[in-house]
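So the structure is just underneath, and the comments pick up after that.
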Amino acid sequence: MWHEFERELEQHEAAGRKRTLRLLPEKTLDIASNDYLGLARHPEVVSAAQEAAQQFGAGARASRLVSGHFSLAQELENELARFKGSEASLVFSSGFATNVGILSALSNDSTTLFCHKRNHASLIDGCRLAEAKGATTRYFESTDKLRALLQNSTASRKIVLADGVFSMDGDLLPLPEVLALCDEFDALLMIDDAHGTGTLGGTGRGIEEHLGIHSERILTVGTLSKALGSQGGFVCGPRVAIDHFLAAAPSFIYSTGLNPPAVGAALAALHVLQREPQRVARCRYNARQLASGLVELGFDARFSGTPIVPVIVGGDHAALDLSACLEEQGIWCPAIRPPTVPRGTARLRLTACSEWTADEIDQILFRFASVKKSCDSGER
Ligand SMILES: *Cc1c(COP(=O)(O)O)cnc(C)c1O
17 MWHEFERELE QHEAAGRKRT LRLLPEKTLD IASNDYLGLA RHPEVVSAAQ EAAQQFGAGA
77 RASRLVSGHF SLAQELENEL ARFKGSEASL VFSSGFATNV GILSALSNDS TTLFCHKRNH
137 ASLIDGCRLA EAKGATTRYF ESTDKLRALL QNSTASRKIV LADGVFSMDG DLLPLPEVLA
197 LCDEFDALLM IDDAHGTGTL GGTGRGIEEH LGIHSERILT VGTLSKALGS QGGFVCGPRV
257 AIDHFLAAAP SFIYSTGLNP PAVGAALAAL HVLQREPQRV ARCRYNARQL ASGLVELGFD
317 ARFSGTPIVP VIVGGDHAAL DLSACLEEQG IWCPAIRPPT VPRGTARLRL TACSEWTADE
377 IDQILFRFAS VKKSCDSGER
């Protein structure tokens with residue numbers, strides 16, 4: 017009965033695409049985590065999680081619509097809305113759950129979703145759920161293509177879906193252009209700012225602050241699990257949208273509320289971030305240092321002004337080899353392979369942290385240099 021799956025796993029392994037869970041060895045330098053501001057282990061964030069557990073319990077006990085919700089969740093939502101400059105916000109158990117939940121809630125049979133091809137898997141899955149509710153999905157890769165699709169659309173509800181920062185490449189979509197198209201064709205714009213929250217803009221408010229865009233037609237989704245060092249997801253937008261989601265997003269209604277320790281940690285992380293906005297600039301500065309050092313060493317590292325620095329390797333086996341050689345040097349950076357990225361673009365995806373010292377960056381570069389000398393990191 018499980019035969020088919022065994023065969024499939026064997027094929028993945030032969031192709032260099034098998035995925036396994038690995039224990040993070042002690043004493044390795046993790047250069048692949050999304051803890052951009054070092055907040056996951058910040059003493060204030062950790063003790064806020066402990067205090068929240070003491071006061072409200074380890075779990076939320078039921079869906080917030082059923083068990084009532086606790087004041088801390090309300091406080092976090094108010095704070096997130098203020099932070100993002102929106103009217104209201106709603107938290108979910110993860111960023112993934114947020115995307116699939118609100119896409120389902122936004123869709124009916126007169127909806128067309130315009131989804132960027134490189135959007136995060138949760139938006140792509142969300143589109144499939146939306147299709148089950150009668151929506152149509154169109155995919156675009158350029159603003160020209162988006163314009164053509166919007167022009168030809170007769171849907172009464174149009175929603176453009178865009179990652180703020182593309183998670184595997186670290187680059188940005190030209191959102192001001194996209195927003196102008198949404199204005200022209202009366203579409204909503206849903207931005208997934210999972211990687212921009214805490215890392216972009218002068219004070220870490222994200223992609224909108226970075227680009228100076230603001231509009232009633234924007235819904236912003238984010239995660240508490242990356243720069244904010246906690247766990248959970250959120251959506252910010254007009255009050256009417258938020259009221260609709262809490263009554264119509266299945267992943268909110270039929271799932272247990274975000275647990276108190278995660279809520280407490282995220283709230284504390286937001287406070288640290290607002291008190292110490294220099295973390296934001298330091299994170300991007302470190303990404304730039306890392307990328308330019310790697311380019312000098314001859315790696316195909318790309319810097320787009322965000323903390324995500326992909327190092328394109330090419331072949332799946334070559335990326336695995338490079339990752340393994342780095343691990344021997346005490347550097348943790350797993351290979352990213354298809355189908356997460358296109359064929360022939362397997363890579364290491366490095367992510368900078370604001371808390372790295374200049375010395376640590378030198379250490380990382382030194383180890384990449386010795387790996388380049390000693391290991392066969394070429395295409396096999
Ligand atoms: C990580 C990520 C998510 C999912 O967030 P989680 O809180 O980890 O579930 C959604 N969208 C993008 C673009 C992401 O990078």
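Heads up: the sequence shown runs through residues 17 to 396, numbered per my numbering. No residue lacks a Cβ here, since even glycine has one placed at the ideal position from N, Cα and C.
Under the three-state reduction of DSSP, A285 is assigned to helix. The criterion of a C-beta distance shorter than 9 Å is satisfied by T236 and G222. Around the beta-carbon of Y270, fewer than 16 other beta-carbon atoms lie within 10 Å, marking it exposed. According to the DSSP assignment, H132 belongs to the beta strand (DSSP E) that extends over T127 to H132.
Following the DSSP letters along the chain, one finds I175 inside the beta strand (DSSP E) bounded by residues R173 to D179. Counting along the chain, R154 sits inside the beta strand (DSSP E) bounded by residues T152 to F156. With a threshold of 16 other beta carbon atoms within 10 Å, M206 meets it and is buried.
The DSSP assignment places complete beta strand (DSSP E) segments of no fewer than 3 residues inside the region 326-375 at 362-367, in order along the chain. DSSP places T159 in the helix class (H, G or I) of the three-state scheme.
Under the three-state reduction of DSSP, G32 is assigned to coil, being neither helix nor strand. Taking a C-beta distance under 9 Å as the contact criterion, A76 and S246 do not qualify as a contact pair.
Looking at the DSSP output, G238 bridges to F250. Inter-residue distance for L96 and E67 is about 20 Å (C-alpha atoms, whole angstroms).
Taking C-beta atoms as the reference points, L336 and V387 fail to come closer than 9 Å. DSSP places I207 in the strand class (E or B) of the three-state scheme. By the CB criterion at 9 Å, V251 and I118 fall inside the cutoff. Of the residues S241, R233 and T128, the one whose Cα lies closest to the Cα of V256 is R233.
Distances from the alpha-carbon of R291 to those of L53, T44, W18 and S138 put L53 closest. The closest heavy atom of ligand 1 lies less than 8 Å from the beta carbon of N50.
For V82, the closest C-alpha among the options D160, A113, F268 and V327 is that of F268. Within the region 269-318, the complete alpha helix (DSSP H) segments at least 4 residues long are 276-291 and 294-312, listed from N- to C-terminus. Between C131 and L177, the alpha-carbon positions lie close to 5 Å from each other. Taking 8 Å as the upper bound for CB-CB distance, T215 and R300 are in contact here, some 7 Å apart. By a beta-carbon distance limit of 8 Å, L204 contacts I175. Their separation comes to about 5 Å.
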